[in-house]
Amino acid sequence: MAAEMALVKPISAFGSRRRTFSFSKFTTIRISAAANPTSIPKPKPSKKANKTAIKETLLTPRFYTTDFDEMETLFNTEINKKLNQSEFEALLQEFKTDYNQTHFVRNKEFKEAADKMEGPLRTIFVEFLERSCTAEFSGFLLYKELGRRLKKTNPVVAEIFSLMSRDEARHAGFLNKGLSDFNLALDLGFLTKARKHLKANPEYQCYPIFKYFENWCQDENRHGDFFSALMKAQPQFLNDWKAKLWSRFFCLSVYVTMYLNDCQRTAFYEGIGLDTKEFDMHVIIETNRTTARIFPAVLDVENPEFKRKLDRMVEINEKLVAVGETQDNSLVKNLKRIPLVAALVSEILAAYLMPPIESGSVDFSEFEPQLLY
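So in numbering that gives the first Met the number 0, spot 285 of the sequence shown is number 284, and the numbers just go up one at a time.
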């Protein structure tokens, strides 16, 4: 959910102190401050299992952070007397219930399915597991740190963040176990919401993890509800022209990144019986409708012209990728890229400047949130 990521931004590593987290008997992942992702040490496989390390790229691993000092100020109950603590307390009870405590239990189907998977589908599915696990582990680190930092200023919000880190750690561990089925070790976003399609078409459930998506999505929805409450607690960030511009920019950056990335990985979606572009547009439209409940302005993604612009971006991006794969020297490659980059930026800007949809469901005349229809 877009609201869940509104408070974070990707960085090369998380925090300034070294942390060690053990997911399983096979893999220990060490995280430390770094100038770039490749400085993170590779996991050490155990002597009992000869695991193959997943190849790192500039995009993996990806970790997220936020302005912790600002968060402490925003949710300090002494500074902000109008914080709707009752809503946070109600959400806290939801998280404490831990509906999925016993849901993520593996069985022999996992290893059997992994052994049967071959060819390009196996390769792209492993990449899907790794990208998803990276995102979940990143969320675990961020929420854990927020839980620690906010403990004194707002214990209720801090505990919710801690319980969210529990959910993310559970998801990451579950995915990491899946990688072990493929005899791989993890080198530390999109977790696809293909549950309905796969439930109706079980022949595309190439790996049992898809059977767990419904409850998994429930965890993510609860996280989204919490972030919506956080944003409603700070209406000053949602009720002016700057908020409208930033909301559109945030949504566009998420949608374009997802669309371009997924169109480079069509083999995965085809492998589970989905049309990549159709599925992505479904996700974009549903996400946009959700963000419209809280963001003061959103993109008009249901306008056919928006999809045409995305498709033109895909074409330009494919040409950029092709330039990078040529045998030309760096100077020639960069010269060829200039008009393509300019064209891509032009399409992104044109999409951003499309007439937006005024939205937002919070009545700012008073603090208590009210639905407006």
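Where a beta carbon is used, it is the ideal one built from N, C-alpha and C, also for glycine.
This one's a predicted model, so the numbers in the text were calculated from it and none came from an experiment.
Around the beta carbon of Ser85, a 10 Å sphere encloses fewer than 16 other beta carbons of the protein chains shown; the residue is thus reported as exposed. Secondary structure of Thr64 (DSSP, three-state): strand. Of the other Cβ atoms in all chains shown, 16 or more fall within 10 Å of the Cβ of Gly172; this residue is therefore buried.
Across the structure, Ile78 and Gln100 are spaced so that their CA atoms are roughly 36 angstroms apart. By the criterion of at least three beta-carbon pairs nearer than 8 angstroms, the segment 106 to 119 is not in contact with the segment 131 to 140.
8 angstroms or more divides the Cβ of Ile347 from the Cβ of Val282. Nearest in C-alpha terms to Phe74, of all of Lys150, Thr64 and Arg307, is Lys150. Proximity to Lys81 across Asn175, Pro234 and Ile315 peaks at Pro234, based on C-alpha coordinates. Ala157 sits buried, since 16 or more C-beta atoms from the chains shown fall within 10 Å of its C-beta. For Ser161 and Lys143, the gap between their C-alpha atoms comes out near 5 angstroms. Setting aside the 5 residues that flank it on each side, His170 is surrounded in the same chain by Glu135, each with a C-beta closer than 6 angstroms to its C-beta; the list follows chain order.
Asp239 and Phe226 have their C-alpha atoms roughly 19 angstroms apart. Judged by beta-carbon spacing, Leu298 lies beyond the 8 angstroms limit of Leu244, meaning their Cβ atoms are not closer than that value.
Rounded to the nearest angstrom, the gap between the Cα atoms of Ile356 and Arg288 is 10 angstroms.
A direct Cα-Cα distance of roughly 41 angstroms separates Gly359 from Ala321. Taking the C-beta atoms as reference points, Phe267 is found nearer than 8 angstroms to Phe124.
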